[in-house]
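So the structure is just underneath, and the comments pick up after that.
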Amino acid sequence: MTTVTRARGGWWHDFVCPTHGTELLEARGDAFVCTYGCELHGEPYASAWLVLEHQAAARLARTAARRFRRHGDPADQAQALAIVREFADYSAEITAEWNRDSESWMLQGKLFKQALTEAIWATQIADAVVVLADDEAAREAMGAPVATMLEALVETIVESRRVLVVERDDLTSNYVAWLDAAGGLATLALAALGGVAPHGDQARWISQAVEHSAVAIGQDGWEWEGSTYYHLFVLRAYLLTLAGADPAALDRALVQRLRRMVDVLVGFAGPDGRLPMLHDGPYDRLGVHLEVVEICVLAGQLWDRTGLDAVEAWARRRIGERHDGLEDLLDGWFSGAPLAAPGDAPGRGSVLFADVGYAVVRSEASSLQAVLDAGPHGGSHGHLDTLALYLYGDGVAWQPAPGVPPYGSALRRDYYARTTAHPTVRADDADQLESSARVERWEVDPAADTTLVHASSSEAIDGVRLDRRVESTGGILIDVLCAATADGSVRTFTSALRPAVPFEVLQHGDGWRTGWSGPSGRRLHGHHVADVASVLVDAPGRGPSDDPTVPLAVGDWTATAARVTFVSVFAEAEVSPITSIRLDGGRLVLGLSDGRTLERELLP
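Quick note on the UniProt record's numbering: the sequence shown kicks off at 1 and runs consecutively.
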C-alpha cells in the first residue's frame with residue numbers, strides 16, 4: 001500500500017483556519033476542516049497538509065523501525081522499509097531541482113518549500129535508515145536508491161547551510177542547528193548502508209554544532225531569541241546531531257552549553273512542569289509536547305540526572321492516549337555511558353536569567369509563580385511585551401504568555417505578537433516599540449521567603465520611562481508598575497490583565513478586586529489600586545493562541561496622567577489573606593487577615 005504522496009510539501013504554518021485562527025484538522029477528501037466546521041479547499045492548505053503528511057510518514061518509519069528492533073515483528077520492518085523506499089523513489093525525481101514554490105524569504109528546499117522543513121523530515125528518515133540497516137536483508141532492500149537519496153540530502157543541506165551562513169551571514173539562525181542535525185544523521189545513515197558521505201563524517205557536523213552553539217546560546221543558557229519554543233527547537237536539534245557519539249568524547253564547551261540549556265527548562269518550568277511559552281511558539285500543541293518528551297529522553301541519556309522529570313510528566317499528560325510510543329523507543333542514542341550531572345543543578349527557587357532578561361519569582365508559601373519579561377525584543381520571533389508579567393500556578397495558567405497560532409494566521413501579527421495581547425502597559429492604546437528592558441535590582445532571601453526584582457525600560461514607549469517592581473513575600477505577590485513621561489506631558493496609560501481563566505472585577509473602595517477561577521475550585525485573588533484617578537474595565541478579550549475564538553474576560557486598567565503607578569497584589573487562596581489595600585503617600589499599606597500590616601515603598 002502506498003503511504004507517501006508523490007508531491008512536494010509547502011509550509012505547514014499555512015494549515016490554519018483564516019476565520020478562527022486554529023490549526024486545521026486532518027484532510028477529509030479534498031476538504032480541510034477546522035474545529036468549528038469551516039471547509040477549505042486548494043492552496044495553500046493542500047501543500048501545507050502535505051508537509052504534515054510527509055512528516056507523519058517519516059515519524060511512522062522511524063517508529064516502526066525502532067519497534068522492529070525492540071520487538072522483532074517483521075510487519076514493522078516491512079512498514080518502515082516501504083516508507084523509506086517510497087521517499088527514495090520520489091526523491092530521485094526531484095533532487096535535481098529546487099522547489100519553485102518557495103517564497104523569497106525562505107531558505108529554499110526541494111521536497112518542501114523550506115530547507116528547514118526538509119532538515120526536520122530528514123532527521124527522522126535518516127534515523128529510520130540507521131536502525132533498519134542493523135539487519136542485512138533490510139540493508140539490501142534499501143540499497144542504492146536510499147543511498148542516493150541520502151547523498152542528495154547531504155548535498156542539499158550543505159548548499160542550504162552555505163547560503164544561510166555565507167551568503168546571508170546568519171550563523172545564529174535556528175535553521176543552522178537543524179541543518180547540522182540533518183547532515184549528521186544522514187551521514188550516519190550513509191555509513192550504516194556502507195557508503196561514504198560526500199562531505200566528511202559525523203565529526204564535521206558535531207563541530208559545526210559547537211560553532212553554532214557558541215554564538216546562539218547565552219551564558220544563562222537561553223537560545224538568543226528568548227522564545228521558549230525556539231529554545232526547545234534548537235536544543236532538540238543539538239541532541240539529534242549527537243546521535244551515536246560517546247558523551248565522554250564530546251567537546252566540553254558544547255556539553256556545558258547543552259547542560260545550561262537543560263537547566264533553563266528546569267528553572268523556567270511552572271510548579272506542575274508546564275513551560276511558559278514566551279514569544280513565538282504554539283501555546284498547546286501535540287507536536288510540541290512530543291518534542292519536549294524527546295528532549296527529556298535524549299538528555300536523560302546524555303547525563304545521569306537532568307531534573308526534567310516534572311517537565312516530561314507535564315508533556316506526557318498533555319499527549320495522553322495520542323502517543324505512538326516513539327520516544328520510549330529511543331534507547332541507545334549515545335555510544336557511551338551518561339555523564340555525571342553537575343552538582344550545581346538549579347533548584348526550584350527564584351531565578352534570574354540575566355542574558356535573556358527573564359526573572360522567575362517563586363515562594364515556598366504558594367505555588368504562584370511570576371515571570372517578568374525584562375529582556376530584549378528577540379528578533380523575528382519576539383513580541384512587543386516589554387515588562388509583561390505572567391502568572392502560573394500548580395495545574396493552572398492564571399495569566400500565561402499566550403504563544404501564537406500557526407504563522408499563516410493573520411492573528412499572529414495582528415494580535416498575539418502585539419502589546420494588547422500581553423499583561424504589560426501601553427500608551428494611547430498603541431503598541432510598544434521593539435525594545436529591551438534592564439534589570440535594576442535582584443534580591444533573593446530564601447530564609448525570609450522573599451524575592452524582589454525591579455526592571456525598567458525607556459525604549460518601549462517613546463518619551464516614557466517604565467518601571468516594574470515585583471516582590472514575592474510569604475506567598476503574596478506585590479506588583480508595582482509605573483509609567484512616566486519624560487517631558488511631563490499627559491498620556492493615557494493602560495495596564496493590562498490577561499487571564500486565561502474565568503475572571504471577574506469588582507470595584508471596592510478606592511480600588512478593585514479581581515477574582516480568578518482555576519480548576520478544582522482554585523482561586524487567585526487580585527487587589528488593585530492606582531495613585532491617580534483610573535478605571536479598571538472588565539472587557540471582552542481573547543484567550544491563549546491555541547484557540548483564539550474562545551471569549552474570555554480581560555482587564556484594561558487605564559489612567560490619563562503624566563505619571564501613574566498601578567499597584568496589584570495577588571494571592572492564591574480559597575479566601576484572600578488581604579483584607580485592605582491603600583496608598584499612603586509614597587507607601588503601599590496592606591492589611592492582612594492575621595492582623596498584621598505589610599508596608600512597602602512605591603517606586604521613586
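Glycine residues also receive a C-beta, built at the ideal position from the N, C-alpha and C atoms. Every value quoted in this text rests on a predicted model; they were computed, and no experiment measured them.
With residue i as the anchor, note down where its alpha helix (DSSP H) starts and where it stops.
i	result
E167	No alpha helix (DSSP H) holds E167; DSSP gives it neither H nor E.
T514	Run containing T514: none in the alpha helix (DSSP H); it sits in the beta strand (DSSP E), 511-517.
C296	286-302
G267	252-268
V404	No alpha helix (DSSP H) holds V404; DSSP gives it neither H nor E.
A126	115-132
V84	74-94
If you count every other CB in all the chains shown that lies within 10 Å of the CB of residue i, and 16 or more means buried, which is it?
i	result
T579	exposed
A75	exposed
V196	exposed
R438	exposed
S104	exposed
V564	buried
S520	exposed
P342	exposed
R426	buried
Q507	exposed
V396	buried
H528	buried
G357	buried
E312	buried
D170	exposed
H71	exposed
D594	exposed
L25	exposed
Y36	exposed
G586	exposed
Counting along the chain, where does the beta strand (DSSP E) carrying residue i start and finish?
i	result
Y390	389-393
F68	Note, F68: premise wrong, no beta strand (DSSP E); alpha helix (DSSP H) at 45-71.
residue 610	Not covered by the structure: residue 610. The range shown for the chain is 1 to 604.
A455	450-457
V464	464-473
T597	597-601
L235	Note, L235: premise wrong, no beta strand (DSSP E); alpha helix (DSSP H) at 228-241.
I478	476-485
E572	563-572
S213	Not the beta strand (DSSP E): S213 falls in the alpha helix (DSSP H), residues 202-216.
R542	535-542
residue 617	Nothing in the structure corresponds to residue 617, since the chain is present only between 1 and 604.
G591	587-592
Between which residues of its own chain and residue i is the CB-CB distance below 8 Å, once the five residues before and five after are set aside?
i	result
R67	D73, D76, G325, L329
V490	T560, A561, A562
Q124	Q55, A58, R59, A61, R62
Which one of the options has the shortest CA to CA distance from residue i?
i	options	result
residue 605	G194, R100, G281	Residue 605 lies beyond the residue range present for the chain, which begins at 1 and ends at 604; the question has no answer from this structure.
G349	F503, S545, H199, E443	E443
L543	A500, A533, W516	One point to set straight first is that residue 543 is Gly, not Leu, in the sequence displayed. Ranking the options by Cα distance to G543, first place goes to A500.
T485	S458, T123, R469	S458
V550	G21, R6, G9	G21
V176	L116, E599, W314, Q79	L116
E23	D14, L481, A31	D14
I478	L603, T494, S593, D134	L603
P405	R168, C17, G10, G9	C17
L111	R413, V51, H199	V51
A248	G184, R468, Q301, A447	Q301
E574	R522, A253, F566	R522
P92	V129, R8, A31	For the record, residue 92 in the displayed sequence is Ala; it is not Pro. With distances taken between Cα atoms, A92 lies closest to R8.
E291	A340, D272, R260, Y238	Y238
V129	E159, A88, S160, R162	A88
A448	S435, E471, H231	E471
Near residue i, what residues of its chain come up, given a Cβ to Cβ distance below 7 Å and the 5 sequence neighbours on each side ignored?
i	result
M1	Its pLDDT being 48, under 50, M1 is placed unreliably by the model, and nothing is read from it.
Y392	G270, R274, P276, Q369, W398, P400
Q432	L384, T386, T419, R426, A460, I461
D428	R491, T492
Using C-beta distances below 6 Å, list every residue in its chain close to residue i, excluding the 5 sequence neighbours before and after it, in chain order.
i	result
S576	H525
G475	S363, A365, S366
R441	H454
Check whether the Cβ of residue i lies closer than 6 Å to any heavy atom of the ligand HEM, and answer yes or no.
i	result
H528	The ligand HEM is absent from the structure shown, which contains no ligands of any kind.
Next on the checklist: Restricting to runs no shorter than 3 residues, where is the beta strand (DSSP E) found entirely within the region 143-195?
Outcome noted: none
Item to check | Length at least 4, wholly inside the region 307-388: the alpha helix (DSSP H) runs in chain order | outcome: 309-319
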